[in-house]
Every structure is written in structure tokens, then in C-alpha cells.
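Chains as they are written, first to last, in this note's numbering: chain H, 1 to 167; chain D, 1 to 167. Structure first, then comments.
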DNA sequence: GTCGTATGTGTTATGTTATAACACATCAAG
DNA sequence: CTTGATGTGTTATAACATAACACATACGAC
């Protein structure tokens, strides 16, 4: 992946120290699980590591293949269970547009995530939506609708992929 | 559906004259197709009518069943083609969260739609997101990401379904 | 320690959503 | 009435997801 010598790679399209970001995410998950009495098992840890390797949306079957090749769970339910656990505990998010999953870039923060999804390379950048983004909430309030979950996904083309097409 | 005598029913949770709203939507589609040289065929028209009957998210296979029972296209591709046409031309929207489709409530208007989705009854209300909703756009601009499509879905429980549970 | 319960995993089978590929039909323009 | 573009029928299969039940492991109560 990294062809340059420096430790900076893109996080969703923003440069950052990736090795450190992976380590941080894993440690955050360990901590959270220890505190909450959850079991951060081998399959779950490995699934998170796989998602973290690139900031890319991966299908459940894609993750499954990787797990299989390491002898860690051979059938779809294994992957879905691990991914569901990660999503339920905020370590990963589901990208509905792609029926795929991505590691959370902001573990620990209690946020309403918004995603920028590159159609071409499937890289995903995560930002946090401000409460002021909630136009629907105004309407919801007016009609008695109780919002439980918000989903904000922007689909398009990242800078790198734009360059590739018209260099 | 309507147990009351008056013509007012809910549009996604807001009361309105439903018969009129269906007629308007169909006419808008006819007009748009005529103007743009598109063919508003029997399957396409019927698919739109089916979606319009309730302001509810319907799966492609659910729409297909209805089409089949009227002898209008027997296999999945028929339904997907009709639905894709409706979505491509702004007569319907795809609700990613549900892998389902819903008729557009604001045909003709060039809008960024936002949806309120009731988990319980699958009714969907459509509102238009204001440009100020676009927090992601700020980030996108900063990182050179070109947004092509925005997707805003709020999932929760509508007023009617809340009442049913705690009357 | 060991017993019992709760939680996680393995495995089989199947359900649901979506599309590829190719043949045939229809339409509108020349 | 031919031609090309667009839409539909049909078969097959891909991709995504879960139900159900058996077995394993972790962990607290005793």
C-alpha cells in the first residue's frame, strides 16, 4: 500500500500516521471491552484489524475470506457476528450504500458519523455531523417522529481517483 | 387503508389528500417523460402507482409480486428495471437502510432528499435537506473530494407507532 | 475445584436482494 | 418497411444475510 518511506498515509483522504491509528483503535477497543466486561475475542480482534488495514469499506464476505485464510471462522455467520459486535460497540460502522463495513476513525467519541465514500476505490472518510446538520430533526419534532439513528453518507470521487482519470 | 371518510391520510406522518397526491405524481411523471422523450411504459407506470399507494418503503420483490399478480413482468429484472428507471428520473428514491424503494413526494423539485423511516411500519416521510446540512461538504471541499450524491436517512419510530406501544 | 449459567463459536441450511447475459419485441425516424 | 435504439422476457447465478441448533469456553457462586 505505502510506496513512500514516511509513515503518513491517507485516512479516508487525509494524511495521517496509519500504524499509530491502528494501534490506537485496537487499544481503545481493548480498553472499552475490559471496562464493559465484553470479550474481545480473537475473531473480533482480527476482524477489526482487517478493517483497519485500509480505510476502505469491506463486504462481510471479503472480511470472511481473510478470516478463513487464517483459520479463524469458516462460515458467513462468523464474519457477521464479529462485524455486528464491532458495530454495536462503536468500533466499526456499516456503510449502507455499499452493504459494507469500515473501522471507526473516532473510537470513543460519542458521535453522529457522516461518511465520504469514493465510488472508485471504496475508501471511506469519516467525519462527525454537527447537530445543526439535523434538518430532519426539525421535521421529525414537528410530526412527533422520534429519531433513533441518523445515517449520512456522501458518495463521490476522492481527489486521488479524480487525478487518475484526468492527469 | 383509509377507515375514515375524509380524503386526508398521512404522507409519511403528515396529513394530506392522498388521492390527489397520487394523481399529481403520476401526471408529473407523464409530463416529464413526454418532455424528455422517455417511455412511461405500463410496467413503469404500474410500479410507480404501487409505490404511491402507501408512503411506505417496499422491497423490489414486494413490488414484483404485485406486478406479477397483474401479469406485468414475472421475473426480478422486470421490477428492478422499472424501479431503476423511476429512481434515475427522480420519481422514486431508494432507501438504502432498508434495501427498499419509495415514491418521491416532491416530484419535479430538484432536491437533496432526507428521509424519516419508521422502523415499525416502514412508512417513510421525505423532506428536503437544506444546503446547511452539508457538513460533509466542508470536509469534502477541504480534501478535494467531489460529492455526487448525498444520502440522509433518519431511522426511528413515528408518532402513530409510539402511541400503539404506550396507549 | 466444579458446577451451572451466560456468552461465543461451528455448522448446516436457507432466505433475501440483485444482476449478468442473451433472445425477442416494440417504437419512432428516415 | 427497414433500421437502430430502447424496453422486456427468461434463465441462471451472484452477493448479501440470517435461522436454528449443537458444542465450547469463560467466569462467578459455592
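Think of the CB as a built atom: it goes at the ideal place given N, C-alpha and C, for glycine as much as any other residue.
Residue-chain proximity (residue i, chain H), Cβ-Cβ < 9 Å
i              : result
residue 101(D) : no
residue 63(D)  : no
residue 167(D) : Reliability fails at residue 167(D), whose pLDDT of 48 lies under 50, so the model's placement of it is uncertain and no value is given.
residue 116(D) : yes
residue 23(D)  : no
Rounded separation between residue i and residue j - CA only
i              : j              : result
residue 48(H)  : residue 143(D) : 26 Å
residue 147(H) : residue 62(H)  : 32 Å
residue 71(H)  : residue 53(H)  : 19 Å
residue 79(D)  : residue 86(D)  : 11 Å
residue 105(H) : residue 115(H) : 11 Å
residue 20(H)  : residue 31(H)  : 16 Å
residue 56(D)  : residue 35(D)  : 28 Å
residue 44(H)  : residue 90(D)  : 41 Å
residue 83(D)  : residue 102(D) : 9 Å
residue 100(D) : residue 94(D)  : 6 Å
residue 50(H)  : residue 69(H)  : 12 Å
residue 7(H)   : residue 25(H)  : Confidence in residue 7(H) is poor, its pLDDT being 49 and thus under 50, which makes the residue's placement unreliable; the coordinate value appears in the next sentence. If you take the alpha carbons of residue 7(H) and residue 25(H), they lie about 17 Å apart.
residue 60(D)  : residue 153(D) : 19 Å
residue 127(H) : residue 107(H) : 12 Å
residue 177(D) : residue 29(D)  : Outside the modelled stretch of chain D, which goes from 1 to 167, sits residue 177(D), for which no answer is possible.
residue 156(D) : residue 13(H)  : 32 Å
residue 196(D) : residue 74(H)  : Since the displayed chain D opens at 1 and closes at 167, residue 196(D) lies outside it and no answer follows.
residue 18(H)  : residue 164(D) : 49 Å
residue 5(D)   : residue 46(D)  : Model confidence at residue 5(D) stands at a pLDDT of 38, short of 50, so the residue's coordinates are unreliable and nothing is read from them.
residue 16(H)  : residue 160(H) : 16 Å
residue 65(H)  : residue 39(D)  : 44 Å
Continuous beta strand (DSSP E) stretch holding residue i: start and end
i              : result
residue 85(D)  : Run containing residue 85(D): none in the beta strand (DSSP E); it sits in the alpha helix (DSSP H), 76-88.
residue 91(H)  : Taken as a continuous stretch (DSSP letters only), residue 91(H) belongs to no beta strand (DSSP E), as it is neither H nor E.
residue 124(D) : 124-128
residue 151(H) : 146-157
residue 113(H) : 113-118
Residue-level contact to chain D via CB, residue i, 9 Å cutoff
i              : result
residue 121(H) : no
residue 68(H)  : no
residue 60(H)  : no
residue 159(H) : yes
residue 13(H)  : yes
residue 5(H)   : With a pLDDT of only 39 at residue 5(H), under the threshold of 50, the placement of this residue in the model should not be trusted, and no figure is reported.
residue 57(H)  : no
residue 125(H) : yes
residue 164(H) : no
Near-chain D residues of the stretch 139-157 of chain H - C-beta to any C-beta below 9 Å:
139, 140, 142, 143, 144, 145, 146, 147, 148, 149, 150, 151, 152, 153, 154, 155, 156, 157
Enumerate, from N- to C-terminal direction, the unbroken alpha helix (DSSP H) stretches of 4 or more residues contained entirely within the stretch 9-84 of chain H.
18-36, 42-53, 60-68
In chain order, what residues of the stretch 76-98 of chain D put their CB closer than 8 Å to some CB of chain H?
96, 97
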